[in-house]
Amino acid sequence: MIRELAANVSGYPGLLLFCAVSGILVPLPEDFSLIYAGVKLQTGQFQWAPTLAATIIGVGLRDIFAYLIGRSLGSWLIDRPWIRRIAGGARLDRAQAMVAERGPSAVLIGRFFVGFRASVFVAAGATGVPFRSFVFWDGLGLLVAVPATVGLGYVFGEPIADLVFWVLQRAQLAVGLAVAVAVLWLLWQAWGRSGEASEPDR
29 MIRELAANVS
39 GYPGLLLFCA
49 VSGILVPLPE
59 DFSLIYAGVK
69 LQTGQFQWAP
79 TLAATIIGVG
89 LRDIFAYLIG
99 RSLGSWLIDR
109 PWIRRIAGGA
119 RLDRAQAMVA
129 ERGPSAVLIG
139 RFFVGFRASV
149 FVAAGATGVP
159 FRSFVFWDGL
169 GLLVAVPATV
179 GLGYVFGEPI
189 ADLVFWVLQR
199 AQLAVGLAVA
209 VAVLWLLWQA
219 WGRSGEASEP
229 DR
């Protein structure tokens, strides 16, 4: 279904929207949408200038959304046990440590780590990195990372998109299994606590 969605993205507004929702409403990292944009460039369906503008703006909006989540919910979000189990407590701790050590420039570093960047952006918002600083450092990263990733799709075409999608399918399966195990574990813990509470005192 996701592959068909990507293949049917039409026009630059559709591309912008696809980049903006990737990793939020669509369970794919931005890299897949960018590579697919490169494939459309190779086939002549898109042109370079509007493609780069749509992808940079779309990914940038998604990054700002992650930052605003951290800014509005702050440490309450990061400290929730169920959030830490799903997102990875160690990953969130590393993101917070990176922002604390490097300040706003951590946003630039985090942009180049697939699967880690969103945690850094949320941590940047939660730790009070100024919005202008976030946009500046994230913008620098976008100007490098987005054209490079789109270029991969342009140079290697459909085969690289097929490879990325194959990897992502396996990654999604692993994530799905991990989430299912986490949910079962939480239910087991809740059931155990309810059983202990219902036992009469001896």
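Numbering (the numbering used here), first residue to last: 29 to 230.
A virtual CB, placed ideally from N, CA and C, is assigned to each residue, including glycine.
- By the neighbour-count definition (other C-beta atoms within 10 Å, threshold 16), residue 73 is an exposed residue.
- Shown here, residue 38 sits in coil according to DSSP, grouped into three states, outside any helix or strand.
- Annotation for residue 73: no alpha helix (DSSP H) segment contains it, and DSSP assigns it neither H nor E.
- In its chain, beyond the 5 residues on either side, 132 have a beta carbon closer than 6 Å to the beta carbon of residue 157.
- Counting along the chain, residue 137 sits inside the alpha helix (DSSP H) bounded by residues 134-138.
- Straight across, the Cα-Cα distance linking residue 155 with residue 71 is about 44 Å.
- Taking a cut-off of 8 Å for Cβ pairs, the stretch 42-49 and the stretch 73-87 touch, as three or more such pairs fall below it.
- Closest in alpha carbon position to residue 164, among 186, 136, 129, 60, is 136.
- Three or more pairs of CB atoms, one per stretch, sit closer than 8 Å, so the stretch 172-180 contacts the stretch 55-63.
- The closest CA to that of residue 95, considering only 134, 181, 42, is found on 134.
- Apart from the 5 residues on each side of it in sequence, residue 87 sits with its Cβ closer than 7 Å to the Cβ of 47, 58, 170, 174 in its chain, given in chain order.
- Residue 123 is positioned such that its CB atom lies closer than 9 Å to that of residue 138.
- Between residue 97 and residue 185, the alpha-carbon positions lie close to 35 Å from each other.
- Straight through space, the alpha carbons of residue 79 and residue 69 are spaced by roughly 8 Å.
- Around the beta carbon of residue 152, a 10 Å sphere encloses 16 or more other beta carbons of the protein chains shown; the residue is thus reported as buried.
- Taking the Cα positions, residue 119 is about 17 Å away from residue 51.
- Closest by C-alpha distance to residue 150, out of 127, 42, 172, is 127.
- When the beta-carbon positions are compared, residue 183 and residue 66 come within less than 9 Å of each other.
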